[in-house]
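Below you'll find the structure, written out as structure tokens, and then a few comments.
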Amino acid sequence: VASASSSDLSLSTLQSLIRRAINRASLTHPDDFAGLPAPARFKITEDSLKLYDPEVARLKPQEKIKLALTTERIALKDKRITNSFGASFVTNELKTVLVNSGGFSGEYLQTYCSLSLGLQAGQGDHLVEDYWFSSKRHFKDLATPEEVARIAVERTVRQLNPRKIKTQNVPVIFEPTMTSWLLAFLFACVSGTAVYQQTTFLAGKLGEKIGNDLVTVIDDGLLPGRLGSRPFDSEGLPTQRTVVLEKGILKNYLCNTYASRKLNLPATGNGNGRGVVPNNFFLEPGPLTPEEIISSTSKGLLLTRVIGHGLNSVTGDISRGASGLWIEGGQVVYPVSEITIAGNLGQILKNIEAVGNNLQFESPVCGPTIKVAEMTVAGR
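The letter at position 293 of the sequence shown is residue 390 when you use the numbering used here, and the numbering goes up by one with no holes.
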């Protein structure tokens, strides 16, 4: 198996591309698990997925510039904001065409738009920064400049005058952006590629209860209008709704054709060449508001940001630099910085004791607010 790519679609370049791919393939060793999937029947229509918005395609450069400038100007009216890293408005209009020698031929159109803003507050050596964004396929669903600016300001200034805390084991509440980060780690651990390579602690655990009853995780490529939706994957297989965890029980790994053959499991429509990618990978929401989750916490950390690496998929161990907001008596009392959070993904899945109702599909991997019963928060 080999590949070649180019952004030049002239006939001479395409002919050269074919020759290069064939030459590279001839240098590889035979692999019985490689090859195209069997042709699949399709019930999906491009229109039903609502991937394309002509309004996004019609937006003029002047309109995009105005949206970005308006967002930044609104934020800078707040005197606590001392600097802007800039606002951006991005649009994409894409056409995907896939043809293979197995008889598959398919295409679809999609659009994407995003509005984002990064800000800084504070003075001298006491600077804090944060950002906010909104990403959608349809322009009408995008957050307004006022909303993006307001949230970016709130997220930035809430970090002013942080305190240091001592090392302790406490409940940790994950904001949706932090839940998304945790789920991205989980996705890497349920990828069929990681399973057959034995680089995940979840290998060999299909059918086992690895989380508590609050944990149901879905990968769904068929949600209308969502950023991870598509009618077929890069191998020409139809996308689908796959239950990964159901009430804590590991039901499925996510596989492309190669991984499915290595593991003798069904392919799930998550193919991306030799790799596996998420479609819409999310934790199902619960009944509680974020405010209710915070008010139920006598003492703990509201996690708002992580830095560094510190993820080990073989063991599930997590250790990352972090910052957040300290909770006492069910209320946020002050920001904290220069801390490290540590735990294990397997234990976290079992210790999730509250799931929020604020799931927002701003990226292909997303989740609501969650509360983990206990993690180690290392400080001074």
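A virtual CB, placed ideally from N, CA and C, is assigned to each residue, including glycine.
Nonlocal neighbours in the same chain, by C-beta distance under 8 angstroms from residue 114, ignoring five residues either side: Counting only Cβ-Cβ distances below 8 angstroms, and skipping sequence neighbours, we find 101, 102 and 103.
Taking the alpha-carbon positions, what's the residue 196 to residue 329 distance? 12 angstroms
Using a Cβ-Cβ cut-off of 6 angstroms (strictly less than) and excluding sequence neighbours within five positions of residue 362, which residues of its own chain qualify? 352
How would you label residue 119, buried or exposed, when you count the other beta carbons within 10 angstroms and need 16 or more for buried? exposed
Using CA coordinates, which residue listed in 443, 426 and 390 is at the minimum distance from residue 53? Because the chain in this structure spans residues 98 to 477, residue 53 falls outside the shown range and cannot be described.
Cα-Cα separation, residue 331 to residue 216: 37 angstroms
For the alpha helix (DSSP H) holding residue 157, just list the boundary residues, first then last. The continuous stretches of alpha helix (DSSP H) do not include residue 157, and DSSP gives it neither H nor E.
Our contact map puts residue 246 next to residue 214 with C-beta atoms below 8 angstroms; I'd like the distance itself, whole angstroms only. Approximately 6 angstroms separates the beta-carbon atoms of residue 246 and residue 214; this is inside 8 angstroms, confirming the contact.
Using three-state DSSP, classify residue 485 as helix, strand or coil. Absent from the structure is residue 485, since the part of the chain shown begins at 98 and ends at 477.
Which runs of the beta strand (DSSP E) at least 3 residues long sit entirely within the region 266 to 347? Give them in chain order. 314 to 317 and 338 to 343
Taking buried to mean at least 16 other C-beta atoms within 10 Å of its own C-beta, is residue 164 buried or exposed? buried
Unbroken alpha helix (DSSP H) runs of length 4 or more, entirely within the region 152 to 227: which are they? Listed in chain order, they are 158 to 173.
Cβ of residue 456 within 8 angstroms of Cβ of residue 269? no
Where residue 390 sits in the DSSP three-state scheme: Under the three-state reduction of DSSP output, residue 390 falls in the helix class.
Take residue 392 and list the residues in its own chain whose beta-carbon comes closer than 8 angstroms to its own, dropping the five residues that flank it on each side. 427 and 428
Coil, strand or helix - residue 448 by DSSP: Taken through DSSP and simplified to helix, strand or coil, residue 448 comes out as helix.
Please classify residue 395: is it buried, with 16 or more other beta-carbons within 10 angstroms of its beta-carbon, or exposed? exposed
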